[in-house]
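In the working numbering, the protein residues as written are 1 to 431.
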Ligand SMILES: *Cc1c(COP(=O)(O)O)cnc(C)c1O
């Protein structure tokens with residue numbers, strides 16, 4: 001593949017000219033950096049850029065609120081507004097496409113950590129004999145806190161109930177073999193496996209379907225945190241067999257700070273009456289909801305887990321964002337471009353920065369999305385200083401303690417020229 005690449009700016013220009021998705025960048029607002037120029041924005045893994053259409057969708061609902069007041073709940077009088085009382089319905093369908101789920105398996109609600117708690121309320125039902133939760137040692141802190149507090153909520157201590165799998169000594173990545181071995185070892189005591197789809201620190205992709213098969217084989221439930229997976233890699237969530245999943249929408253889904261999150265409940269659990277769930281009026285049947293009876297009649301979809309009426313102003317940006325994904329042709333074409341960008345950056349790292357920067361992200365395409373977790377190994381250079389120099393030079397990226405610079409070329413809005421510029425700036429800093 002690398003024959004098609006060289007290290008010249010001309011190569012980046014040619015790749016951009018050949019890119020069928022290059023025009024998608026125009027759908028986004030590009031921040032201006034400290035240098036007074038468009039930033040080389042490589043931090044979409046943390047906060048995705050603003051789609052231009054967000055303003056249209058937000059303003060339409062703001063105007064409607066002003067014009068109609070409470071009637072806005074049932075009326076959608078002008079394009080592109082939607083009745084607030086069913087604001088989530090069509091959005092859930094659009095979202096299910098991005099994660100490869102059936103429409104009834106997905107609901108957009110709350111925040112990511114809140115959703116993890118709600119779903120664990122259903123899917124973590126420890127018994128005297130089966131009470132352990134398998135996580136990874138370097139789980140995102142919020143996930144760790146959520147699991148540890150669930151365990152305590154059920155009267156157990158984290159020490160007795162958490163099984164935390166780490167990379168082997170001296171290694172950065174989780175070994176699938178070690179995860180499988182831990183699942184087998186704790187089998188009879190294991191109630192839940194909760195793992196990321198893509199690891200936030202290393203960018204490693206885990207084999208969802210294999211993990212589900214192993215966990216189900218010992219009788220445990222399985223949930224995934226897809227914060228760094230959704231909008232980054234194609235997902236087949238339904239086919240993976242996972243029991244549940246949750247994700248945020250402000251990273252690769254570009255829906256803005258704190259935007260409403262998503263979750264997935266596998267079809268096999270929908271419509272069940274023998275299930276424990278925290279309930280609210282938005283989970284009960286739409287036809288009878290406003291009769292104000294106190295009989296809970298669960299919607300036979302993941303929407304049964306909804307508690308409150310939808311926060312329209314935190315969901316309108318998601319509509320704009322998912323429309324951009326549709327316009328790009330969905331995750332297939334985006335991944336195709338992403339793989340080319342990954343190969344191009346691999347080439348530049350090998351040719352220009354070898355011996356000075358190493359990537360701890362897996363090399364194999366099946367084990368990574370667009371994030372690169374880079375470690376500075378050049379003599380006499382400190383990673384944090386290098387990160388600060390990148391930021392001052394107009395490259396937006398992020399620093400993750402203790403020693404990783406994360407960058408993510410996002411196929412929706414990053415150009416091949418962005419990738420070239422990043423390597424050129426980093427080369428300059430390290431020279
Ligand atoms: C970004 C991220 C979060 C953030 O949680 P919020 O509830 O959205 O604040 C949690 N877990 C993981 C793995 C993340 O990457």
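Every residue, glycine too, gets a C-beta built ideally from N, C-alpha and C. All values derive from a computational prediction rather than experimental measurement.
inquiry  = For residue 110, count the other beta carbons within 10 Å of its own beta carbon; 16 or more makes it buried, fewer makes it exposed. Which is it?
reply    = Around the beta carbon of residue 110, 16 or more other beta carbons sit within 10 angstroms, so the residue counts as buried.
Backbone secondary structure at residue 297 - three-state DSSP | Residue state, collapsed to three classes: coil.
Requested in this report: Could you tell me the distance, in whole angstroms, from the CA atom of residue 413 to the CA atom of residue 24?
Outcome: Near 6 Å, if we compare the C-alpha coordinates of residue 24 and residue 413.
ask   = Which whole runs of the beta strand (DSSP E) in the region 26–105 are 3 residues long or more, in chain order?
value = At a cut-off of 3 residues, not a single continuous stretch assigned as beta strand (DSSP E) sits fully inside the region 26–105.
| field | Secondary structure of residue 256, DSSP reduced to three states | value | Here residue 256 sits in coil by DSSP.
Contact set for residue 344: own chain, Cβ-Cβ below 7 Å, skip 5 residues either direction: Cβ neighbours of residue 344 beyond the five flanking positions: 5, 15, 416 and 419.
| Would the beta-carbon of residue 112 be found less than 6 Å away from any heavy atom of ligand 1? | True, at least one ligand heavy atom lies under 6 Å from that Cβ.
Going by Cα to Cα distance, which pick from 141, 242, 131 and 262 is closest to residue 155?
Among 141, 242, 131 and 262, the Cα nearest to that of residue 155 is on 131.
Exercise for review: Identify which residue in 275, 218, 244 and 356 has its Cα closest to the Cα of residue 99.
Suggested key: For residue 99, the closest of 275, 218, 244 and 356 by C-alpha to C-alpha distance is 244.
Classify residue 382: buried if its beta carbon has 16 or more other beta carbons within 10 angstroms, exposed otherwise. Exposed: under 16 other Cβ atoms inside 10 Å.
Quick one, which of 105, 235, 27 and 104 has its alpha-carbon nearest residue 332's?
-> Comparing C-alpha distances from residue 332 to each of 105, 235, 27 and 104 shows the shortest one belongs to 235.
* Under a Cβ-count criterion, where at least 16 other Cβ atoms within 10 Å of its own Cβ denotes burial, should residue 95 be classed as buried or exposed? -> The residue is buried, with at least 16 neighbouring Cβ atoms inside 10 Å.
**Prompt:** From residue 361 to residue 206, what distance separates their C-alpha atoms?
**Reply:** Cα to Cα, residue 361 sits roughly 12 Å from residue 206.
Q) Just to confirm, does residue 422 get its C-beta within under 6 Å of one of the non-hydrogen atoms of ligand 3? A) Within the structure as shown, ligand 3 is missing, the only ligands being ligand 1.
Assuming the contact rule is C-beta atoms closer than 8 Å, residue 39 and residue 396 should be a hit. Round their C-beta distance to whole Å, please. Indeed, because the Cβ distance is near 5 Å, the residues count as touching under 8 Å.
* Indicate whether the contact test is met: 3 or more Cβ pairs, each with one atom in the region 294–312 and one in the region 105–125, closer than 8 Å. => Yes, the region 294–312 is in contact with the region 105–125.
Return helix, strand or coil for residue 375, following the three-state DSSP convention.
It is a strand residue.
Exercise. List the DSSP bridge partners of residue 275.
Key: Beta-bridge pairing links residue 275 to no other residue.
Nearest-angstrom Cα separation, counted from residue 57 out to residue 20: Straight-line measurement puts the Cα of residue 57 at about 26 Å from the Cα of residue 20.
Paired residues, beta bridge with residue 406 - DSSP: Paired residues: 373 and 398.
Using the Cα positions of residue 240 and residue 347, report the straight-line distance between them to the nearest angstrom. Looking at the two C-alpha atoms, the distance is approximately 32 Å.
Notebook entry, point to check: CB-CB under 6 Å to residue 429, same chain, minus the five flanking residues each way: which ones, in chain order?
Noted result: The beta carbon of residue 429 lies closer than 6 Å to those of 386 and 389 in the same chain, with the five residues before and after it left out.
Open item on the list: Give me the residue from 86, 79 and 63 with the minimum Cα distance to residue 73.
Closed with: Comparing Cα-Cα distances from residue 73 to each of 86, 79 and 63, the minimum goes to 86.
My understanding is that residue 76 touches residue 133, with C-beta atoms under 8 Å, so please give their C-beta distance in whole angstroms. In this structure residue 76 does not touch residue 133 by the C-beta definition: roughly 43 Å separates them, more than the 8 Å allowed.
Among the residues of its own chain, which have a CB less than 8 Å from the CB of residue 144, if the five just before and after it don't count? 135, listed in sequence order.
Report task. May I ask you to list the residues that DSSP assigns as paired with residue 281? Result -> BP columns for residue 281 are empty, so no partner.
Going by Cα to Cα distance, which pick from 165, 210, 186 and 51 is closest to residue 218?
Comparing alpha carbon positions, the residue from 165, 210, 186 and 51 closest to residue 218 is 186.
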